[in-house]
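Peer 1: Next up is a structure, given as structure tokens.
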Amino acid sequence: MPDLSFLPAGMPSIGAMGPAIAIIGLSAVFRGFTGFGFAIIAVPLLSLALPPLLAVALAAGLQLLGGLMDLPQASRSCHWPSVRWLLAGALLASPLGTLLLAWLPADWARLALAAACGAAVLALASGFGFRHIPGRAATAGAGVLSGLFNGLAAMPGPPALAYYLALPLAPAQVRASLIAFFAFSAMASTASLTVIGAIGWRELLLVLAGLPLMIGGSRLGAALFRRAGGAHRGISLATLALVALLTAARGLSGLIGGP
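For the sequence shown, the numbering used here begins at 1 and goes up steadily by one.
Structure, rendered in structure tokens:
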């Protein structure tokens, strides 16, 4: 056996890193295509191979670095007024979501989130959309929902995605705005994880090791978007529906005493 004593204590085994590499690559490709979805895919799947808190820390760190690298290009076409007010509402409401989580049983919270996601999917699939860009109050309200989702289940994405899919914006502008929103959201989540000690030297090494996969997968996804940008809305809606189904299944499983 090779001498691995130079690695920090608690590093994942070689057997666990194989699936983790594949998951990070797949999630990065999806993120590059849609502008969102890295954590939605990566965290549940990484949790099957790694400790859950490590999976969250790894996904948050990679999303932060990937977002910072993509932000300069995304900033050229993203819709900054909506990004700013969405972030303001999310940052304001995220602590409230955490307080609600302490009061509301986790499984009931998951069912509530699943219902909200499902309602958004049905509305958007039926053709609902804004004729004009909503005002600051409505945009901040969507941000508040993102913050509540973040505090309740570490998932700020579904409300932000539903909001942007309803806007009269081109797919490229929607994608760029989501990249910018999640880049700034990742800053807040990574800072919180660092404060509570969930991100240290071990996690930083793993994030840096996974960064080439994040970059390569995101570039491949971006190339696929340029070839098939028209599929962006359908894939995004399907992902939102899948999130609703999986969240509901997890909540129901907990309520009926499942694993």
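Built from N, CA and C at the ideal position, the CB exists for glycine as well. Here the structure is a predicted model, which is why all the values come from computation and not from measurement.
Thinking just about the alpha-carbon of each residue, which of 133, 125, 50 and 117 is nearest to the one in residue 79?
Peer 2: Walking along the sequence shown from the start, residue 79 turns up at place 79. That would be 133, whose Cα lies nearest to the Cα of residue 79.
Peer 1: What residue does the alpha helix (DSSP H) around residue 128 start on, and which one ends it?
Peer 2: Along the sequence shown, read from residue 1 onward, the residue named residue 128 stands at position 128. Where residue 128 is concerned, there is no enclosing alpha helix (DSSP H), given that its DSSP letter is neither H nor E.
Peer 1: Using the C-alpha atoms, what's the distance from residue 230 back to residue 25?
Peer 2: What you label residue 25 is simply residue 25 of the sequence shown in a count that begins at 1. What you label residue 230 is simply residue 230 of the sequence shown in a count that begins at 1. Going by the C-alpha atoms only, they are around 23 Å apart.
Peer 1: What did DSSP end up calling residue 155 once you bin it into helix, strand or coil?
Peer 2: Here residue 155 refers to the residue found at position 155 when the sequence shown is read from its first residue. Residue 155 falls in the coil class under three-state DSSP.
Peer 1: Residue 243 to residue 86, Cα distance in whole Å?
Peer 2: Here residue 243 corresponds to residue number 243 of the sequence shown, with the count starting at 1. Here residue 86 corresponds to residue number 86 of the sequence shown, with the count starting at 1. When rounded, the distance between both Cα atoms is 21 Å.
Peer 1: Does the beta-carbon of residue 76 have 16 or more other beta-carbons within 10 angstroms, so that it is buried, or is it exposed?
Peer 2: Mapped onto the sequence shown, residue 76 falls at position 76. Residue 76 comes out exposed.
Peer 1: Taking only runs of the alpha helix (DSSP H) that begin and end inside the region 174-257, which ones reach a length of at least 4 residues, in chain order?
Peer 2: Segments of the alpha helix (DSSP H) lying fully in the region 174-257: 201-228 and 232-255.
Peer 1: From residue 194 to residue 200, what distance separates their C-alpha atoms?
Peer 2: In the sequence shown, the residue the question calls residue 194 occupies position 194. In the sequence shown, the residue the question calls residue 200 occupies position 200. Roughly 7 Å separates the two Cα atoms.
Peer 1: Let me check understanding here. Comparing Cα to Cα, which of 22, 143, 18 and 28 lies closest to residue 216?
Peer 2: Within the sequence shown, residue 216 is the residue found at index 216, counting from 1. Measuring from the Cα of residue 216, the nearest candidate turns out to be 28.
Peer 1: How would you write the range of the alpha helix (DSSP H) that residue 44 sits in, first residue to last?
Peer 2: Within the sequence shown, residue 44 is the residue found at index 44, counting from 1. Its alpha helix (DSSP H) spans residues 38-49.
Peer 1: Could you tell me which of 40, 149, 55 and 202 sits nearest to residue 46, measuring between CA atoms?
Peer 2: Locating residue 46 in the sequence shown gives position 46, where the first residue counts as 1. If we check each option's Cα against that of residue 46, 55 comes out closest.
Peer 1: Per DSSP, what kind of secondary structure is residue 136 in: helix, strand or coil?
Peer 2: For this step, residue 136 is matched to residue 136 along the sequence shown. Helix.
Peer 1: Can the beta-carbon of residue 70 be found less than 7 Å from the beta-carbon of residue 254?
Peer 2: On the sequence shown, residue 70 is found 70 positions in, with the first residue counted as 1. On the sequence shown, residue 254 is found 254 positions in, with the first residue counted as 1. No, the Cβ-Cβ distance between residue 70 and residue 254 is not below 7 Å.
Peer 1: So, for residue 118: in the same chain, excluding its five sequence neighbours on each side, which residues have a beta-carbon less than 6 Å away from its beta-carbon?
Peer 2: The residue you call residue 118 lines up with position 118 of the sequence shown. If we look at residue 118 and ignore the five residues flanking it on each side, its Cβ neighbours are 244.
Peer 1: Restricting to Cα atoms, I'd like to know which of 198, 180 and 109 is closest to residue 59.
Peer 2: For the purposes of this step, residue 59 is identified with residue 59 of the sequence shown, where counting begins at 1. When only C-alpha atoms are compared, the closest one is 198.
Peer 1: Would you identify the three-state DSSP class for residue 75, choosing helix, strand or coil?
Peer 2: Translated into positions along the sequence shown, residue 75 becomes position 75. Residue 75 falls in the coil class under three-state DSSP.
Peer 1: Whose C-alpha, out of 161, 89 and 211, is nearest the C-alpha of residue 129?
Peer 2: Taking the sequence shown and counting its residues from 1, the one referred to as residue 129 is at position 129. Here the closest residue by C-alpha is 161.
Peer 1: Quick one: any contact between the region 27-42 and the region 231-241, if contact means 3 or more CB pairs under 8 Å?
Peer 2: Contact holds: three or more Cβ-Cβ distances are below 8 Å.
Peer 1: Of the choices 211, 252 and 136, whose alpha-carbon is the least far from that of residue 262?
Peer 2: The chain is shown only over 1 to 259; residue 262 falls outside these bounds and no answer can be derived.
Peer 1: From 232, 144, 249 and 113, pick the residue whose C-alpha is nearest to that of residue 31; which is it?
Peer 2: Position 31 of the sequence shown, counted from the first residue, corresponds to residue 31. Comparing Cα-Cα distances from residue 31 to each of 232, 144, 249 and 113, the minimum goes to 232.
Peer 1: If you reduce the DSSP assignment to three classes, tell me which class residue 35 lands in.
Peer 2: Along the sequence shown, read from residue 1 onward, the residue named residue 35 stands at position 35. Coil, per DSSP.
Peer 1: Sorted by chain position, which residues of the same chain lie with C-beta nearer than 6 Å to residue 148's C-beta, five sequence neighbours on each side aside?
Peer 2: Sequence index remark: in the sequence shown, residue 148 carries index 148 (1-based). The residues are 93 and 97.
Peer 1: Take the Cβ of residue 99 as the centre, count every other Cβ of all protein chains shown within 10 Å, and call the residue buried at 16 or more, exposed below.
Peer 2: Along the sequence shown, one-based indexing puts residue 99 at 99. By the 10 Å Cβ count, residue 99 comes out exposed.
Peer 1: Would you call residue 41 buried or exposed, if buried means 16 or more other Cβ atoms sit within 10 Å of its Cβ?
Peer 2: Within the sequence shown, residue 41 is the residue found at index 41, counting from 1. It counts as buried.
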